[in-house]
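K.L.:
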Amino acid sequence: MPTVYNWQIRRELDYPYEHERPKKQFAMVMDLNKCIACQTCTIACKTTWTPGRGQEYMLWNNVETKPYGFYPLGWDVKLLDLLGDSQKWVDATYEGPTLFDVAPEGDTLGKWMPDEYDWAFPNVGEDEVSEPVDVGTVMETLPHLAWMFYLPRICNHCTYPACVAACPRKAIYKRPEDGIVLIDPERCEGYQECVAACPYKKSIFNAVARISQKCIGCFPKVEAGYQPQCVTTCIGRIRLQGFISPPDQVRPDNPIDFLVHVKKVALPLYPQTGLEPNVYYIPPIHVPRSFLRQMFGPGVDHALRTYERMRRGEEPELQGLLHLFGSTERISHSFRVVDGEVIGFDEHGREIVRVPLVEPYQERPHEDPALEVVRQDIP
Amino acid sequence: MASRTLALALAAVFAGSSALAQEALKAAYRADGLPLDPRADVWQEVPSMTVTLEGQTVTEPMVMEASITEVQVQALTDGRDIAFRLVWQDTTEDRFQVVGRFSDAVAVMVPYRPSDEVPITMGAPGDRVLILHWAAFRQENLDNGYADVTKLHPNAVYDWYPHAKKPYRYPEDWRNQYALAYIGGEKLFRKNTLNTPVREVVAEGFGTSTWKDVQRAEGKGVYADGSWQVVIRRRFVEENTSNPDWGPGKRTFFTVAVWDGSAGDRGGRKTLGYAWIPLEVEAAP
Chain A
1 MPTVYNWQIR
11 RELDYPYEHE
21 RPKKQFAMVM
31 DLNKCIACQT
41 CTIACKTTWT
51 PGRGQEYMLW
61 NNVETKPYGF
71 YPLGWDVKLL
81 DLLGDSQKWV
91 DATYEGPTLF
101 DVAPEGDTLG
111 KWMPDEYDWA
121 FPNVGEDEVS
131 EPVDVGTVME
141 TLPHLAWMFY
151 LPRICNHCTY
161 PACVAACPRK
171 AIYKRPEDGI
181 VLIDPERCEG
191 YQECVAACPY
201 KKSIFNAVAR
211 ISQKCIGCFP
221 KVEAGYQPQC
231 VTTCIGRIRL
241 QGFISPPDQV
251 RPDNPIDFLV
261 HVKKVALPLY
271 PQTGLEPNVY
281 YIPPIHVPRS
291 FLRQMFGPGV
301 DHALRTYERM
311 RRGEEPELQG
321 LLHLFGSTER
331 ISHSFRVVDG
341 EVIGFDEHGR
351 EIVRVPLVEP
361 YQERPHEDPA
371 LEVVRQDIP
Chain B
380 MASRTLALAL
390 AAVFAGSSAL
400 AQEALKAAYR
410 ADGLPLDPRA
420 DVWQEVPSMT
430 VTLEGQTVTE
440 PMVMEASITE
450 VQVQALTDGR
460 DIAFRLVWQD
470 TTEDRFQVVG
480 RFSDAVAVMV
490 PYRPSDEVPI
500 TMGAPGDRVL
510 ILHWAAFRQE
520 NLDNGYADVT
530 KLHPNAVYDW
540 YPHAKKPYRY
550 PEDWRNQYAL
560 AYIGGEKLFR
570 KNTLNTPVRE
580 VVAEGFGTST
590 WKDVQRAEGK
600 GVYADGSWQV
610 VIRRRFVEEN
620 TSNPDWGPGK
630 RTFFTVAVWD
640 GSAGDRGGRK
650 TLGYAWIPLE
660 VEAAP
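Chains as they are written, first to last, in this note's numbering: chain A, 1 to 379; chain B, 380 to 664.
1) For a contact defined as C-beta to C-beta under 9 Å, what are the partners of residue 571/B on chain A?
2) State the Cα-Cα distance for the pair residue 458/B and residue 600/B, rounded to the nearest angstrom.
3) Along the chain, where does the alpha helix (DSSP H) containing residue 570/B start, and where does it finish?
4) For the 8 Å Cβ check, are there 3 or more pairs between the stretch 593-611 of chain B and the stretch 492-507 of chain B?
5) Does the CB of residue 647/B have a neighbour CB from chain A at under 8 Å?
6) May I ask you to report which of helix, strand or coil DSSP gives residue 641/B?
7) Under three-state DSSP, which class holds residue 506/B?
8) Examine the Cβ distances between the stretch 648-662 of chain B and the stretch 432-442 of chain B and report whether three or more of them are shorter than 8 Å.
9) Just to confirm my understanding: we take residue 642/B, look at its own chain, exclude 5 residues before and 5 after, and list those with CB closer than 7 Å. What are they?
10) Can you grab the Cα-Cα spacing for the pair residue 14/A / residue 100/A, in whole Å?
11) Which residues of chain B have a Cβ atom closer than 8 Å to the Cβ of residue 108/A, listed in chain order?
12) List the whole-angstrom C-beta distance separating residue 172/A from residue 194/A, where the pair is believed to meet the contact cut-off of C-beta under 8 Å.
13) Look at the Cβ atom of residue 617/B, then the Cβ atom of residue 407/B, and state whether they are nearer than 8 Å.
14) Is the shortest distance between the beta-carbon of residue 368/B and the beta-carbons of chain A less than 8 Å?
15) Expressed to the nearest angstrom, what Euclidean distance is found between the alpha-carbon atoms of residue 225/A and residue 461/B?
16) To the nearest angstrom, report how far apart residue 308/A and residue 644/B are at their CA atoms.
17) So who's on the other strand from residue 65/A, going by DSSP bridges?
18) Going along the chain, which residues of its own chain have a beta-carbon closer than 8 Å to the beta-carbon of residue 590/B, five neighbours each way excluded?
19) Can the beta-carbon of residue 637/B be found closer than 8 Å to that of residue 467/B?
20) Output the distance between the C-alpha atoms of residue 310/A and residue 567/B, rounded to the nearest integer angstrom.
21) Can you check which of these residues, 655/B, 452/B, 585/B, is closest to residue 424/B by C-alpha distance?
22) Cβ of residue 102/A within 8 Å of Cβ of residue 83/A?
23) Count the other CB atoms, across all protein chains shown, that sit within 10 Å of the CB of residue 36/A; report buried if there are 16 or more and exposed otherwise.
24) Using DSSP with H/G/I as helix, E/B as strand and the rest coil, what is residue 296/A?
25) So is residue 170/A buried or exposed if we call it buried at 16+ other beta carbons inside 10 Å?
26) Pull out every residue of the stretch 608-634 of chain B whose Cβ sits closer than 9 Å to any Cβ of chain A, in chain order.
27) Can you say whether residue 142/A is buried or exposed, counting buried as having 16 or more other CB atoms within 10 angstroms of its CB?
28) Measuring only the C-alpha atoms, how far is residue 42/A from residue 236/A?
29) Tell me the rounded alpha-carbon separation between residue 326/A and residue 222/A.
30) Which of the three DSSP states is assigned to residue 657/B in this structure?
31) Using the Cα positions of residue 442/B and residue 106/A, report the straight-line distance between them to the nearest angstrom.
32) Would residue 303/A and residue 563/B qualify as a contact pair, given that the criterion is a beta-carbon distance under 8 Å?
33) Give the single residue among 124/A, 229/A, 186/A whose Cα lies nearest to the Cα of residue 592/B.
34) Please list, in chain order, the residues of the stretch 528-543 of chain B that have any C-beta partner in chain A closer than 9 Å.
35) So, with DSSP's three-state summary, where would you put residue 6/A?
36) DSSP has residue 172/A in a bridge; who is on the other side?
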């Protein structure tokens, strides 16, 4: 098997196919401190891509409550179970087994197949906190004693996708132009090897069409220079889609590179799978570190320190960039923070959006002496 | 890839061994038609051959322990068509291909070139095989109506599908370009609405199997008393498409694969006869 290099875990691994990195790699950053689980992304995705027969239970984008929410049931617990007890990081290098290392005899990688009912409860555990809270409990310190947070998920469009590795028909491919991973519906025979293989469970079977289907990264929008539906409809403005460079080709003015490689504030989800997932999360500040490290790897401490500095106003460029989230439907290939504004540029360096870091506002006194009235607190 | 090299090496070994004293299956000539029904009396008079099956252990994903170990094969010809009858014991009847569950199936493979040197691992580049694949889930659709949501989940409630007409039965109410986009497109739709439980596939090695544009093979499968009985029938020469070099008075080879849905068999997870079996087609007298 060819050997490939995974920068997220800083090691090589065996992958069934020769690898050449795509010209661009689709990537997304989500700030988990801002998600309120309104599910607008889920509905936007659903109405755009999965209103068909056999897709009733299918959510290419879902938002679940951690720690007790899952879609499908227990996907992350099963993932951790598969990888076993020796998931060891030495500094930033992962020395435990990846999914390819835990492959049973006769298979390409470690898999598990969700049951029909595993998919039936997309809102299980919603809003449940980690443990009961006594009446009168006050939480003023971080991390919180009792906690929960929302985890929005789409396909990670992995650099080394498990679905591609598992498909015996070569019906799944990673596009060289943007790294988006797609299932060819005409080659798919519904064997569901990809469903069993994807540790994030983002390949889903359509029992009526008899093929597996998955998030397509809204490729028609991306091809036209627009961000996906789940990004542009996000009312919390937690998401930014763009393209990530490999670590040796980082462009600090690329928004995704800046967040992931320069500031290292956004982290991959369960990088120990070895797949190099390309959705990156800014971890929530109120959650215990042990849980976050298990989920996002050892970069959590640095990410949270940087985010805290940003909150104190010590990271103006990062703070500025976060204002680009949700401010334009277009894909920002580069950005600049100048004079209290963040500017986004397209692929050709043309300005596409300019956002003030502080919106102009006017303060009016409570009493209006001319009219002898008291102003109500209305816009 | 290493596994392909291994496959070819193994294929050579198997091809070599099959050339030894392998008994041939004779497709006897019968003038008055080839019954599709596997329970037809005619089949009781046709000699039967036992093919031993083993788990597919050449390429991943594999079957390390075969749950179906043998299948009985018979063949008849009327000079234009050939019909195979395949009977095997399977204690579980799996007629659906749904979330996490798989269908029983059987396939007959014939090389385009009538030689036992064609790799038994579904051919090789330039060395094509024809695969006639019957599946229980397709039979179920024909026998009892398409396995639509309302059939799979009788109590399911769904308010509205924006692109289809009420009452939303698949496939009838989804035959428009907007709705088709959500269920895999027109080609897939055509595959799902074929009026036969047998699909015709060509392959030139593992992972290359592809539906033929022309799909005229017929078949019928019946499950009774813990056994599947399946008939697969095809013309030797179909028009407007490629065909193996076979026909009345000729000798070629075949082998068989069986899938046990309950055991998780699908795709490469199958049990198969690892040696080409000679197939002698009787000419009209």
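Heads up, the beta-carbon is just placed ideally off N, CA and C, and yes, glycines get one too. It should be emphasised that the depicted structure is a prediction, and the values quoted were computed from it without experimental measurement.
P.N.:
According to the structure shown:
1) For the C-beta of residue 571/B, the chain A residues within less than 9 Å are, from N- to C-terminus, 208, 209, 210.
2) For the pair residue 458/B and residue 600/B, the Cα-to-Cα distance works out to about 23 Å.
3) Per DSSP, residue 570/B belongs to the alpha helix (DSSP H) from 565-571.
4) No, the stretch 593-611 of chain B is not in contact with the stretch 492-507 of chain B.
5) Closer than 8 Å to the CB of residue 647/B there is at least one CB belonging to chain A.
6) Residue 641/B: helix per DSSP, three-state reduction.
7) Three-state DSSP puts residue 506/B in a strand.
8) Yes, since at least three Cβ pairs between the stretch 648-662 of chain B and the stretch 432-442 of chain B fall closer than 8 Å, the two stretches touch.
9) Leaving aside the five residues that flank residue 642/B on each side, the residues in its chain whose CB is nearer than 7 Å to its CB run, in chain order, 446.
10) Roughly 7 Å between the two C-alpha positions.
11) 439, 440, listed in chain order.
12) At roughly 6 Å, the Cβ-Cβ gap stays under 8 Å, so residue 172/A and residue 194/A are in contact.
13) Their beta carbons are not under 8 Å apart, which means residue 617/B does not touch residue 407/B by this criterion.
14) This structure cannot speak to residue 368/B, because chain B is shown only from 380 to 664.
15) One C-alpha to the other measures close to 55 Å.
16) Taking the CA atoms as reference points, residue 308/A sits about 52 Å from residue 644/B.
17) Beta-bridge pairing links residue 65/A to 150/A.
18) Within its own chain, the residues whose Cβ lies closer than 8 Å to the Cβ of residue 590/B, once the five positions on either side in sequence are excluded, are 570, 578, 579, 580, listed in chain order.
19) Cβ atoms of residue 637/B and residue 467/B: closer than 8 Å.
20) Between residue 310/A and residue 567/B, the C-alpha separation is close to 51 Å.
21) For the residues 655/B, 452/B, 585/B, the minimum Cα distance to residue 424/B belongs to 452/B.
22) A distance below 8 Å separates the beta carbons of residue 102/A and residue 83/A.
23) A residue is called buried when at least 16 other Cβ atoms come within 10 angstroms of its Cβ; residue 36/A does not meet this threshold and is exposed.
24) Helix, per DSSP.
25) Residue 170/A is exposed by the Cβ-count criterion.
26) Sequence-ordered contacts of the stretch 608-634 of chain B with chain A are nonexistent [C-beta pairs closer than 9 Å].
27) When all chains shown are included, residue 142/A counts as exposed.
28) Each residue's Cα considered, the two are about 13 Å apart.
29) Taking the straight line from one Cα to the other gives about 15 Å.
30) DSSP places residue 657/B in strand when its eight states are reduced to three.
31) Cα to Cα, residue 442/B sits roughly 7 Å from residue 106/A.
32) Going by C-beta atoms, residue 303/A is not nearer than 8 Å to residue 563/B.
33) That would be 186/A, whose Cα lies nearest to the Cα of residue 592/B.
34) Within the stretch 528-543 of chain B, the residues whose Cβ lies closer than 9 Å to some Cβ of chain A are 528, 531, 532, 535, 537, 539, 540, 541, 542, 543, listed in chain order.
35) Here DSSP, grouped into helix, strand and coil, assigns residue 6/A to strand.
36) Note: residue 172/A is bridge-paired with 183/A in the DSSP secondary-structure output.
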